[in-house]
Amino acid sequence: MTDKNPSLMAGVPELVVLRLLADRDMYGYELARAIKALTRDALSIGEGVLYPALHSMEARGLVRPRSRLADGRMRIYYSLTARGKNRLARLTESWRRVSGGVESILGSTAHG
Amino acid sequence: MDEQRFQKLRGALLEAGITKSGARRAASEIEDHFHQLVGEALARGTGEQEACREAHAALGSNEILVRRYAARPELLAWPSRWPALWFTIVPLGCYLALSIAVMTTLVLGLGQMSDYLHHIKVPPHVSRLIDLAVCVIFLGLFPASVAAAFGVWARRRRIPLRWPVIGVAAMSILAALINIEFTITGGPSPGSAGAGIGVSAHSLPAQTLRALAVGLLALLPLWIAAHRAKRDTGREMI
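If you read the sequences in order, they're chains L and W.
Sequential numbering of the first sequence, starting at 367, is according to the numbering used here.
Sequential numbering of the second sequence, starting at 13, is according to the numbering used here.
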């Protein structure tokens, strides 16, 4: 794992999805809508990125899919696994460190 | 047309090496997502055609989706993840397992029938032909069939051609190195079978010819599959 210095955007879809699933189980469309709504369109993780990322997380044991009947349709809801929770904690810490570092630089150059 | 898109997506994911269940799930979830996007646009008052167009645009093209899936090794089936192993070593194992299983069955069967086989009166040339036919099955038909099956499979999975070709070459060499002797009906000990592996200066020309024959036989279906795929691609472009 390259948690010490992950490339800035590469881990974002994973971090965001894991964070949203930490609150409650969601299916793909719900996740896409939630990301748009919560970031006020600042962050748009397209469907073409979301699903491969979700299925990759499932293959790595970070999320667990469950079929559930909703609005008369069978939908795949994703929930966080214990490994997913650990991964979320590590990614959050890495992200905070990186964004804190960037903030410090932005702050210092603004003052300078 | 919309349903066709998701069927095509499933097929393209399979061809790109995604697992069967993964391709089915991905196509199904993305199709569900598409319908919800369309529903959302219709609820906003957008016309049906425009809603479909918007939804397709939001999902991106099948080509991009497939590329993103294929870029994640954890989503690939074992043959696509380890093509060198799967299409060169595994066919050899399958051939040996098949040969050993059939040989064991044959030896056990012949052992049970040895008394009976002594009494069968078969002209020597027919007896030799029977023994030869069994050898051809073991050393020609089995290796060529196994190698060809793996070759066609690799072609369908869009595995780089070098792996099945190396697999066919390895299979041809292995089959040429194996020597099998059967005496099923004739000779002093009918119902006997023996097998060995090796190469000698004396048998090298015959073994080379056998390797070439098996190789060509195994490559033929691969060549036909490649030719058909090329023709189909040409038709799609027209």
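Yeah, the Cβ is synthetic: ideal placement off N, Cα and C, and Gly gets one too.
Open item on the list: Whole angstroms are fine: how far does the CA of L:Arg456 sit from the CA of L:Asn371?
Closed with: By one-based count along the first sequence, residue 371 of chain L stands at place 5. By one-based count along the first sequence, residue 456 of chain L stands at place 90. In this prediction, L:Asn371 has a pLDDT of 48, which is less than 50 and means its spatial position is unreliable; what the coordinates show is noted afterwards. Rounded to the nearest angstrom, the two C-alpha atoms are 11 Å apart.
Task: Near-chain L residues of the region 76 to 94 of chain W - C-beta to any C-beta below 8 Å - done: Ile76, Leu77, Arg80, Tyr81, Ala83, Arg84, Glu86, Leu87
Open item on the list: Is there a C-beta anywhere in chain L that falls below 8 Å from the one on W:His45?
Closed with: Locating residue 45 of chain W in the second sequence gives position 33, counting from the first residue. Yes - at least one Cβ of chain L is within 8 Å of the one on W:His45.
Open item on the list: Going by DSSP in three states, W:Gly57 sits in which element: helix, strand or coil?
Closed with: What you label residue 57 of chain W is simply residue 45 of the second sequence in a count that begins at 1. In the structure shown, W:Gly57 sits in coil (DSSP, three-state: anything other than H, G, I, E or B).
Task: Residue-level contact to chain W via CB, L:Ala400, 8 Å cutoff - done: Along the first sequence, read from residue 1 onward, the residue named residue 400 of chain L stands at position 34. Judged by the 8 Å Cβ criterion, L:Ala400 is not in contact with chain W.
Open item on the list: Using a Cβ-Cβ distance cut-off of 8 Å, determine whether W:Gly34 contacts chain L.
Closed with: Your numbering for residue 34 of chain W matches position 22 in the second sequence. Taking Cβ atoms only, chain L reaches closer than 8 Å to W:Gly34, which makes this a yes.
Task: Residues bridged to L:Met392 [DSSP beta-bridge criterion] - done: Position 26 of the first sequence, counted from the start, is the residue given in the question as residue 392 of chain L. DSSP output for L:Met392 lists L:Tyr444 as bridge partner(s).
Task: Closer than 7 Å at the beta carbon, the chain L residues around W:Leu71 - done: In the second sequence, counting from the first residue as 1, residue 71 of chain W sits at position 59. Glu413, Gly414, listed in chain order.
Open item on the list: For W:Thr220 and L:Gly427, I'd like the C-alpha separation in whole angstroms.
Closed with: Residue mapping note: residue 220 of chain W aligns to position 208 of the second sequence, counting from 1. Residue mapping note: residue 427 of chain L aligns to position 61 of the first sequence, counting from 1. Straight-line Cα distance between these residues: approximately 50 Å.
Open item on the list: 8 Å is my cut-off, CB to CB: does W:Ala237 come that close to chain L?
Closed with: Along the second sequence, read from residue 1 onward, the residue named residue 237 of chain W stands at position 225. So, not an interface residue.
Open item on the list: Judging by CA-CA distance, which residue of W:Arg17, W:Leu110, W:Ser73, W:Gly179 is the nearest neighbour of W:Gly97?
Closed with: The residue labelled residue 97 of chain W in the question sits at position 85 within the second sequence. Here residue 97 of chain W is Leu; the residue named in the question, Gly, does not match the sequence. Of W:Arg17, W:Leu110, W:Ser73, W:Gly179, the residue nearest in Cα terms is W:Gly179.
TODO: Using three-state DSSP, classify W:Gly208 as helix, strand or coil.
DONE: For the purposes of this step, residue 208 of chain W is identified with residue 196 of the second sequence, where counting begins at 1. Three-state result, W:Gly208: strand.
- [ ] May I ask you to report which of helix, strand or coil DSSP gives W:Ala218?
- [x] One-based indexing of the second sequence puts residue 218 of chain W at position 206. In the structure shown, W:Ala218 sits in a helix (DSSP, three-state: H, G or I).
Open item on the list: Taking only three categories from DSSP, how would you classify L:Ser465?
Closed with: Translated into the one-based positions of the first sequence, residue 465 of chain L becomes position 99. L:Ser465 falls in the helix class under three-state DSSP.
TODO: Can you check the region 373 to 433 of chain L for any alpha helix (DSSP H) of at least 4 residues that lies completely inside it and give the ranges in chain order?
DONE: 378 to 389, 394 to 404, 413 to 425
Task: For W:Ala83, three-class secondary structure by DSSP - done: Stepping through the second sequence from its first residue, residue 83 of chain W is reached at position 71. Coil, per DSSP.
Open item on the list: The alpha helix (DSSP H) that contains W:Ile185, what's its start and end?
Closed with: Residue 185 of chain W sits at position 173 when you count from the first residue of the second sequence. From DSSP, the alpha helix (DSSP H) with W:Ile185 extends over 174 to 189.
Open item on the list: Just checking: is the beta-carbon of L:Gly394 within a distance shorter than 8 Å of some beta-carbon in chain W?
Closed with: As a working note, residue 394 of chain L is residue 28 in the first sequence. Yes - at least one Cβ of chain W is within 8 Å of the one on L:Gly394.
TODO: Look at W:Ile42 and W:Leu71 and say whether their C-beta atoms are less than 8 Å apart.
DONE: Along the second sequence, read from residue 1 onward, the residue named residue 42 of chain W stands at position 30. Along the second sequence, read from residue 1 onward, the residue named residue 71 of chain W stands at position 59. Yes. Within cutoff.
TODO: Classify W:Val211 as buried or exposed, calling it buried when 16 or more other Cβ atoms lie within 10 Å of its own Cβ.
DONE: Taking the second sequence and counting its residues from 1, the one referred to as residue 211 of chain W is at position 199. By the 10 Å Cβ count, W:Val211 comes out exposed.
TODO: May I have the straight-line CA-CA distance separating W:Phe154 from W:Leu110, to the nearest angstrom?
DONE: Taking the second sequence and counting its residues from 1, the one referred to as residue 154 of chain W is at position 142. Taking the second sequence and counting its residues from 1, the one referred to as residue 110 of chain W is at position 98. Those two C-alpha atoms are separated by around 8 Å.
Task: Three-state secondary structure (DSSP) of W:Arg170 - done: By one-based count along the second sequence, residue 170 of chain W stands at place 158. If DSSP states are grouped into helix, strand and coil, W:Arg170 belongs with coil.
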